[in-house]
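Numbering (this note's numbering), first residue to last: -19 to 166.
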Amino acid sequence: MWFTEVLVALMLMGLLWTGVLAFGRSALGLVRVYEARREAIRTNILALDMFAREWRLAGYSATAERMGGILAPTGQSVEFRADFDGDGTTSGFHERIAYYWDAPRQAVMRSTQDASPQPWLQKVPEGGFVLTYLDDTGQSLPPENTAPELIAGVRLSIQTRWEEPLPQPVVSSRFLAIVVVGRRNR
-19 MWFTEVLVAL
-9 MLMGLLWTGV
1 LAFGRSALGL
11 VRVYEARREA
21 IRTNILALDM
31 FAREWRLAGY
41 SATAERMGGI
51 LAPTGQSVEF
61 RADFDGDGTT
71 SGFHERIAYY
81 WDAPRQAVMR
91 STQDASPQPW
101 LQKVPEGGFV
111 LTYLDDTGQS
121 LPPENTAPEL
131 IAGVRLSIQT
141 RWEEPLPQPV
151 VSSRFLAIVV
161 VGRRNR
């Protein structure tokens, strides 16, 4: 009888540990999903902050010269320029910045001056990087062929995909972030 009781106790202990491990594994999976989601949100918020800061500085001149800070604005690309070092040109490093959506990479690319473009945001679907230019009254301007001097602000919509790190099934979710920024140096 003693041997049977030990076997039953071991079996019950094994079942208990199986339940504890299954619970721990599911809790860890939820933590990984939560972290992936938070990482996607943080990345988008940092990207919006960076874009807003650079947008506000577009057209800045250390010598107070008037310059057009926005070049070639379209619905999915824009180029800024500013004279930070005060030499009267925008040829210095980080004085010309361009953003555009790259379809094959499914990414928004950022380039400075003559440097090669680098992925700024990845996993951006088609239509996930939209620039809407605004006039002085806050009304939308047409995205193509907009005169840069008419642009008083921009509404940037970024939509990225993030995948939940679970083994089965892989779920892809989207995160949308929008910022409206006015131009300071016109």
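Glycine included, every Cβ here is placed at the ideal spot set by N, Cα and C.
When the five nearest sequence neighbours on each side are left out, the beta carbons in the same chain lying within less than 6 Å of the beta carbon of S120 are those of T112, in order along the chain. In this structure, DSSP gives L114 an extended state, which the three-state scheme calls strand.
Assignment of P99 by DSSP, reduced to helix, strand and coil, places it in the strand class. With contact defined as three or more Cβ pairs closer than 8 Å, the segment 53 to 60 and the segment 151 to 165 are not in contact.
Note: M89 is bridge-paired with Y80, P99 in the DSSP secondary-structure output. Only residues of its own chain outside the window of five on either side were considered, and among them L114, V160, V161, G162, R163 have a CB closer than 7 Å to the CB of G133, listed in chain order. For E19, the uninterrupted alpha helix (DSSP H) segment begins and ends at -18 to 37.
For the pair of segments examined, the segment 93 to 102 was found to touch the segment 66 to 81: the number of CB pairs separated by less than 8 Å reaches three.
DSSP places E106 outside both helix and strand once states are collapsed to three, so it counts as coil.
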